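A.B. asks: In order, the protein sequences belong to chains F and E. In this text, residue positions in the first sequence follow the numbering used here: the first is 173, and each later residue adds one. In this text, residue positions in the second sequence follow the numbering used here: the first is 173, and each later residue adds one.
There are 2 protein chains.
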Amino acid sequence: MSDQRQAALEYARQNKEQSLKLLETFLSIPSVSTDPSHLPDMQDAANWVASQLRDLGMQKVEIYPTARHPVVYAEWLGAHPQTAGARSAPTVLIYGHYDVQPADPLDLWQSGPFEPTVRGESLYARGASDMKGQVVAALKAVEAIVRNGGLPVNLKWLIEGEEEIGSPSLEAFIADHKELLASDFALNPDSGMIGQNYPTITNSLRGLAYFELRVYGPASDLHSGIYGGVVHNPANALAELIAGMHDAEGRVTLPGFYDKVRPLSAEERAEMARLPMDEKHYLEQTGAPALYGEAGYSPVERSGARPTLDVNGLLAGFTGEGSKTVIPAWAMAKISTRLVPDQNPADVAGQLRRYLEQSASKDIRWELIEMHGGAPSISDRNNAGVRAMGKALESVWGVQPYFRREGGSIPVVGQMQRLLALESVVTGFGLPDDNVHAPNEKLHLPTWYRGIEAFIHFFLNLASKTG
Amino acid sequence: MSDQRQAALEYARQNKEQSLKLLETFLSIPSVSTDPSHLPDMQDAANWVASQLRDLGMQKVEIYPTARHPVVYAEWLGAHPQTAGARSAPTVLIYGHYDVQPADPLDLWQSGPFEPTVRGESLYARGASDMKGQVVAALKAVEAIVRNGGLPVNLKWLIEGEEEIGSPSLEAFIADHKELLASDFALNPDSGMIGQNYPTITNSLRGLAYFELRVYGPASDLHSGIYGGVVHNPANALAELIAGMHDAEGRVTLPGFYDKVRPLSAEERAEMARLPMDEKHYLEQTGAPALYGEAGYSPVERSGARPTLDVNGLLAGFTGEGSKTVIPAWAMAKISTRLVPDQNPADVAGQLRRYLEQSASKDIRWELIEMHGGAPSISDRNNAGVRAMGKALESVWGVQPYFRREGGSIPVVGQMQRLLALESVVTGFGLPDDNVHAPNEKLHLPTWYRGIEAFIHFFLNLASKTG
């Protein structure tokens with residue numbers, strides 16, 4: 173092991189306490205991107221990131237305003253080939269986001285979502301795992317290298333504030349700043365691990381198409397005694413439309429939904445079957461009484477390689493304590509689909525619209541709002557970045573990393589592929605039980621410290637001849 | 173026409189001004205039963221009613237406390253058979269309530285809800301139609317008879333203060349005072365007229381069974397990317413359960429739901445077809461794009477004589493602005509059924525439970541909370557009370573009264589049937605556009621004065637041999 177590597181790893185190990193404190197400061201900023209009341213917190217979080225990057229000696233640190241939440245950019249391009257015959261130092265674009273999901277329902281949190289609290293081996297706070305912890309891991313890994321001999325690679329940072337609301341401004345930002353962002357590949361640590369002892373690289377991500385469906389009936393709320401049986405209750409009608417979106421086999425019924433779905437090869441199915449994610453795993457992770465899904469596919473296939481449709485929210489009529497005998501004037505559902513290669517969000521919006529045109533009865537009106545979407549992605553598992561990361565993970569965990577198709581969506585991966593011709597190394601150090609997007613989100617600290625070391629290996633691997 | 177009848181009617185006509193003043197005094201008391209800040213007003217209203225009854229010479233006038241708002245009771249049992257061969261004088265239990273709905277939203281009232289104001293032919297105030305006006309009509313009719321020859325029937329009065337909050341204390345009060353309340357039949361003027369020129373007797377009321385259905389899935393909210401396709405989403409599952417509660421013909425599918433439903437006779441259907449409530453009427457009243465309901469029945473039949481099932485509220489997951497990609501841990505629906513003779517709430521609770529047992533899949537858990545219920549009621553259209561009222565209405569309006577089955581519920585009618593074996597004559601002089609439970613509640617005064625006369629006829633009809 174090189175002296176620099178050893179020194180940087182040692183530095184990271186001795187600075188665990190400071191790393192944790194730094195993360196706690198970041199987590200105390202309630203940067204909920206979807207909630208307009210948190211607008212000042214969003215600015216605070218962007219400023220905080222920018223100031224960290226300045227402290228690391230990054231240059232051109234700038235906060236770019238967008239239509240909604242700003243993008244933080246920084247770069248350091250001082251790396252040069254170190255020895256004759258070595259290739260020129262690569263440039264890595266590090267992607268991250270400083271925004272978090274809403275914290276509600278608040279009453280289910282054991283400690284305040286924005287009051288980071290260590291319990292056992294974990295740090296609890298909204299954003300601890302998704303993904304402020306990952307951003308801070310990258311910051312601390314770079315710090316360890318900077319303070320121990322300097323960076324052997326060029327870095328660019330793109331830290332956005334809209335990931336949790338579908339990155340509405342990011343695509344335009346990327347398209348408008350192609351030269352600024354030009355790099356050899358991207359590092360995207362917004363994915364997680366299969367388990368504590370399973371270092372993971374994600375080589376495919378599902379896409380997303382998110383909708384709000386509103387059903388309208390009578391002109392105003394009606395008395396359910398006087399008018400029950402006379403009008404189509406919008407809440408009942410909405411339930412009927414939602415129920416019709418799946419068939420008895422758990423397949424989505426939107427017309428044409430599966431037309432562009434890339435079939436799983438026998439080889440890929442065999443590889444997925446090796447992942448430590450069997451029915452028992454999913455039962456434990458979810459606490460559901462039994463699993464559910466499209467007939468003919470295993471849970472890991474259904475979550476990673478098959479498209480799905482879920483209701484994310486329902487609202488109609490009287491929802492307080494007690495009873496009110498009302499026929500509500502309207503009902504609403506938030507509905508999202510997860511997409512796999514080669515589906516795309518625009519197609520799916522059209523399919524949902526056609527389904528509604530075919531299925532909705534004339535005694536109600538409906539409105540479909542297309543909220544946001546992102547394309548699915550699938551990437552080469554043998555590029556230089558992925559190889560450097562694979563080796564880094566193996567150095568820290570002592571096992572070969574696992575490749576997986578991830579059920580979640582990271583639309584920026586597809587956008588960078590399309591707009592910048594940039595492949596991403598998608599990884600991260602969150603665990604499946606981190607309660608991401610849920611109350612009591614946590615980060616497993618021993619795994620996180622390993623993650624910082626893995627990033628140190630990764631950056632140094634990129635510069636070494638054998639990287 | 174008998175001298176007494178003529179004198180009493182004349183008395184009422186000459187005392188219109190005093191009747192209006194008396195009603196205005198009653199309406200000035202803001203007896204809002206649901207609002208704890210109006211507790212003193214509730215007591216004032218009960219005292220006011222008791223004092224009116226004393227002034228009429230009623231006996232045993234008493235204010236019975238209950239867990240919440242008191243019940244006013246009074247009686248006069250001095251009537252005797254007037255001529256040899258006549259049957260003994262009947263005893264009528266007059267039901268009413270002195271409480272009113274809340275007045276909000278206040279800014280939509282043209283004059284203060286508790287500052288009774290005459291505009292045009294109507295008196296505007298909260299409770300004018302529902303039902304202080306109806307109570308005062310009964311008081312003034314009895315006064316006209318008392319002051320002109322005396323009552324030929326025995327009277328009992330039961331005026332409660334909790335109708336607008338579902339009469340939580342009334343059933344126990346009735347059960348505890350069976351002897352006190354024993355009568356030949358009840359007069360319940362808490363229903364209304366179909367229209368100004370349509371004197372109406374409500375001979376059937378739908379019952380109610382109200383539930384909260386909760387569906388539980390994963391142990392906590394899940395990320396819809398990571399777990400979409402692996403667990404049964406409780407919001408989707410709830411929608412599927414709700415959708416399955418109706419078939420394609422708009423019929424309710426709960427097992428056995430229609431078993432006890434009393435079929436409509438051809439005669440009753442013909443009579444309902446005469447009511448001025450066609451499809452156009454319901455389209456105008458509801459503002460719905462089209463009507464909906466059980467195949468094979470007209471809207472007025474569906475709302476009055478057929479049982480229905482409606483979702484009154486829906487709640488699951490994320491319902492705020494924007495989007496959240498969550499699989500909710502649970503989903504909830506408020507669901508109520510309107511029942512017709514001879515269904516009953518307990519049966520229907522069992523049917524819904526069986527439906528859920530048969531239909532819910534094993535990948536979710538469900539919980540059914542039985543909120544409250546009330547039996548439907550139907551009364552003999554040929555009993556002495558109904559005949560006396562029919563004749564009374566015809567005397568005043570000059571047309572045969574309309575019988576209708578009301579879609580709403582007046583649980584006390586069923587309670588009196590069950591606990592006291594007492595049939596009710598259900599009528600009233602409110603109109604469909606009285607804005608009951610809404611801002612600018614009103615009472616159409618010419619119709620109300622006719623109502624007082626109709627009550628005079630009614631009480632005298634009961635005593636006459638031809639009544």
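For each residue, glycine too, the CB sits at the ideal point set by N, CA and C. Bear in mind that the values here come from a model prediction, so they are computed numbers and not experimental data.
Please name the residue, chosen from E:L426, E:M303, E:S508 and E:R553, that lies closest to S363 of chain E on a Cα-to-Cα basis.
C.D. replies: Along the second sequence, one-based indexing puts residue 363 of chain E at 191. Ranking the options by Cα distance to S363 of chain E, first place goes to E:M303.
A.B. asks: Taking only runs of the beta strand (DSSP E) that begin and end inside the stretch 251-298 of chain F, which ones reach a length of at least 3 residues, in chain order?
C.D. replies: Listed in chain order, the complete beta strand (DSSP E) runs (minimum 3 residues) inside the stretch 251-298 of chain F are 263-269, 289-291 and 294-296.
A.B. asks: Going by DSSP, what residues sit across from Y574 of chain F in a beta bridge?
C.D. replies: Here residue 574 of chain F refers to the residue found at position 402 when the first sequence is read from its first residue. According to DSSP, Y574 of chain F bridges with F:T372.
A.B. asks: Where do the ends of the beta strand (DSSP E) carrying K232 of chain F lie?
C.D. replies: Working through the first sequence from its first residue, we reach residue 232 of chain F at position 60. From DSSP, the beta strand (DSSP E) with K232 of chain F extends over Q231 to Y236.
A.B. asks: Chain B partners of L463 of chain F, CB-CB under 7 Å?
C.D. replies: The chain labelled as chain B is not found among the protein chains of the depicted structure, namely F and E.
A.B. asks: Where does A411 of chain F sit, in a helix, a strand or coil, going by DSSP?
C.D. replies: One-based indexing of the first sequence puts residue 411 of chain F at position 239. Looking at A411 of chain F - three-state DSSP - the assignment turns out to be helix.
A.B. asks: Report the residue from F:V387, F:I201 and F:Y464 whose alpha carbon sits nearest the alpha carbon of L486 of chain E.
C.D. replies: As a working note, residue 486 of chain E is residue 314 in the second sequence. Among F:V387, F:I201 and F:Y464, the Cα nearest to that of L486 of chain E belongs to F:V387.
A.B. asks: By DSSP's criteria, H544 of chain E is part of a beta bridge. Which residues make up the other side?
C.D. replies: Here residue 544 of chain E refers to the residue found at position 372 when the second sequence is read from its first residue. The partner list for H544 of chain E (beta bridge, DSSP) reads E:Y382.
A.B. asks: From the DSSP output, which residues share a beta bridge with M504 of chain F?
C.D. replies: Against the first sequence, residue 504 of chain F aligns to sequence position 332. In DSSP, M504 of chain F forms a bridge with F:R386 and F:L487.
A.B. asks: Is it right to say I536 of chain F is buried, meaning 16 or more other beta carbons lie within 10 angstroms of its own, or is it exposed?
C.D. replies: Numbered from 1 along the first sequence, position 364 holds the residue referred to as residue 536 of chain F. Buried: at least 16 other Cβ atoms inside 10 Å.
A.B. asks: By the DSSP assignment, the beta strand (DSSP E) with I331 of chain E in it spans what residues?
C.D. replies: Reading the second sequence from its first residue, position 159 is the one you call residue 331 of chain E. From DSSP, the beta strand (DSSP E) with I331 of chain E extends over N326 to E332.
A.B. asks: On the criterion of 16 or more Cβ atoms from any shown chain inside 10 Å, does I541 of chain F qualify as buried, or is it exposed?
C.D. replies: The count along the first sequence starts at 1 and reaches residue 541 of chain F at position 369. Answer is exposed; the Cβ neighbour count stays below 16.
A.B. asks: Is the CB of R298 of chain F under 7 Å away from at least one CB in chain E?
C.D. replies: Position 126 of the first sequence, counted from the first residue, corresponds to residue 298 of chain F. Answer no: the Cβ-Cβ gap between R298 of chain F and chain E never drops below 7 Å.
A.B. asks: By how many angstroms is the C-alpha of L632 of chain E removed from the C-alpha of G321 of chain E?
C.D. replies: Translated into positions along the second sequence, residue 321 of chain E becomes position 149. Translated into positions along the second sequence, residue 632 of chain E becomes position 460. Cα to Cα, G321 of chain E sits roughly 11 Å from L632 of chain E.
A.B. asks: Taking one C-beta from the stretch 434-450 of chain E and one from the stretch 352-370 of chain E each time, how about it: are there three or more such pairs within less than 8 Å?
C.D. replies: Yes, they touch.
A.B. asks: Using a Cβ-Cβ cut-off of less than 9 Å, list which residues of the stretch 477-501 of chain F approach chain E; keep chain order.
C.D. replies: Cβ contacts with chain E: R478, P479, T480, L481, D482, V483, N484, G485, L486, L487, A488, G489, F490, T491, G492, G494, S495, K496, T497, V498, I499, P500 and A501.
A.B. asks: Can you tell me which of the three DSSP states S495 of chain E falls into?
C.D. replies: As a working note, residue 495 of chain E is residue 323 in the second sequence. If DSSP states are grouped into helix, strand and coil, S495 of chain E belongs with coil.
A.B. asks: Beta carbon of E315 of chain F, beta carbon of D271 of chain F: below 7 Å?
C.D. replies: Here residue 315 of chain F refers to the residue found at position 143 when the first sequence is read from its first residue. Here residue 271 of chain F refers to the residue found at position 99 when the first sequence is read from its first residue. No.
A.B. asks: Answer with yes or no whether the minimum CB distance from P390 of chain E to chain F is below 7 Å.
C.D. replies: Counting from one through the second sequence, the residue named residue 390 of chain E turns up at place 218. Judged by the 7 Å Cβ criterion, P390 of chain E is in contact with chain F.
A.B. asks: Quick one: is E182 of chain E buried, meaning 16 or more other Cβ sit within 10 Å of its Cβ, or exposed?
C.D. replies: In the second sequence, the residue the question calls residue 182 of chain E occupies position 10. Burial call: exposed.
A.B. asks: On a CA-only basis, which of E:S475, E:A239 and E:G600 is nearest M444 of chain E? Give me that one, please.
C.D. replies: Counting from one through the second sequence, the residue named residue 444 of chain E turns up at place 272. For the residues E:S475, E:A239 and E:G600, the minimum Cα distance to M444 of chain E belongs to E:S475.
A.B. asks: So, at 6 Å on beta carbons, what are the nonlocal neighbours of Q589 of chain E in its own chain, with the 5 sequence-adjacent residues on each side left out?
C.D. replies: Along the second sequence, read from residue 1 onward, the residue named residue 589 of chain E stands at position 417. The residues are S549.
A.B. asks: By the 10 Å Cβ neighbour count, where 16 or more other Cβ atoms means buried, how is L327 of chain F classified, buried or exposed?
C.D. replies: In the first sequence, residue 327 of chain F corresponds to position 155, counting from 1. Flag for L327 of chain F reads buried.
A.B. asks: Count the CB pairs spanning the stretch 339-352 of chain F and the stretch 577-594 of chain F that are closer than 8 Å, and state whether there are at least three.
C.D. replies: Short answer: they touch.
A.B. asks: Return helix, strand or coil for F429 of chain F, following the three-state DSSP convention.
C.D. replies: The residue given as residue 429 of chain F occupies position 257 in the first sequence. The answer is coil: DSSP assigns F429 of chain F none of H, G, I, E or B.
A.B. asks: Under the three-state reduction of DSSP, which class applies to R640 of chain E: helix, strand or coil?
C.D. replies: Past the boundaries of the shown model lies residue 640 of chain E; chain E is included only from 173 to 639, so the question cannot be answered.
A.B. asks: With 16 other CB atoms within 10 Å as the buried threshold, where does E189 of chain E fall?
C.D. replies: Translated into positions along the second sequence, residue 189 of chain E becomes position 17. So E189 of chain E counts as exposed.
A.B. asks: So, at 8 Å on beta carbons, what are the nonlocal neighbours of A391 of chain E in its own chain, with the 5 sequence-adjacent residues on each side left out?
C.D. replies: Indexing the second sequence from 1 puts residue 391 of chain E at position 219. If we look at A391 of chain E and ignore the five residues flanking it on each side, its Cβ neighbours are A501.
A.B. asks: From F:L617, F:R559 and F:D605, pick the residue whose C-alpha is nearest to that of T599 of chain F; which is it?
C.D. replies: Stepping through the first sequence from its first residue, residue 599 of chain F is reached at position 427. Nearest C-alpha to T599 of chain F: F:R559.
A.B. asks: Does the distance from the C-beta atom of A246 of chain E to that of L278 of chain E stay below 7 Å?
C.D. replies: Here the question's residue 246 of chain E lines up with position 74 in the second sequence. Here the question's residue 278 of chain E lines up with position 106 in the second sequence. No, Cβ-Cβ distance for A246 of chain E and L278 of chain E is not below 7 Å.
A.B. asks: For V597 of chain E, which beta-bridge partners are listed by DSSP?
C.D. replies: Here residue 597 of chain E refers to the residue found at position 425 when the second sequence is read from its first residue. Paired residue(s): E:L359.
A.B. asks: One question on the structure: do A275 of chain E and R291 of chain E come within less than 7 Å of each other, judged by their Cβ atoms?
C.D. replies: Locating residue 275 of chain E in the second sequence gives position 103, counting from the first residue. Locating residue 291 of chain E in the second sequence gives position 119, counting from the first residue. Their beta carbons are not under 7 Å apart, which means A275 of chain E does not touch R291 of chain E by this criterion.
A.B. asks: So is P471 of chain F in contact with chain E if we call contact Cβ pairs under 7 Å?
C.D. replies: In the first sequence, counting from the first residue as 1, residue 471 of chain F sits at position 299. With 7 Å as the cut-off, P471 of chain F counts as an interface residue toward chain E.
A.B. asks: What is the DSSP secondary structure of S191 of chain F, counted as helix, strand or coil?
C.D. replies: As a position in the first sequence, residue 191 of chain F is number 19, starting the count at 1. In this structure, S191 of chain F counts as helix in the three-state DSSP scheme.
A.B. asks: Checking contacts by CB at 7 Å: is N408 of chain E closer than that to chain F?
C.D. replies: Locating residue 408 of chain E in the second sequence gives position 236, counting from the first residue. It does: the Cβ of N408 of chain E has a partner Cβ on chain F nearer than 7 Å.
A.B. asks: State yes or no: is the beta carbon of E412 of chain E nearer than 7 Å to at least one beta carbon in chain F?
C.D. replies: Locating residue 412 of chain E in the second sequence gives position 240, where the first residue counts as 1. For E412 of chain E, the answer is yes, since a Cβ of chain F falls inside 7 Å of its Cβ.
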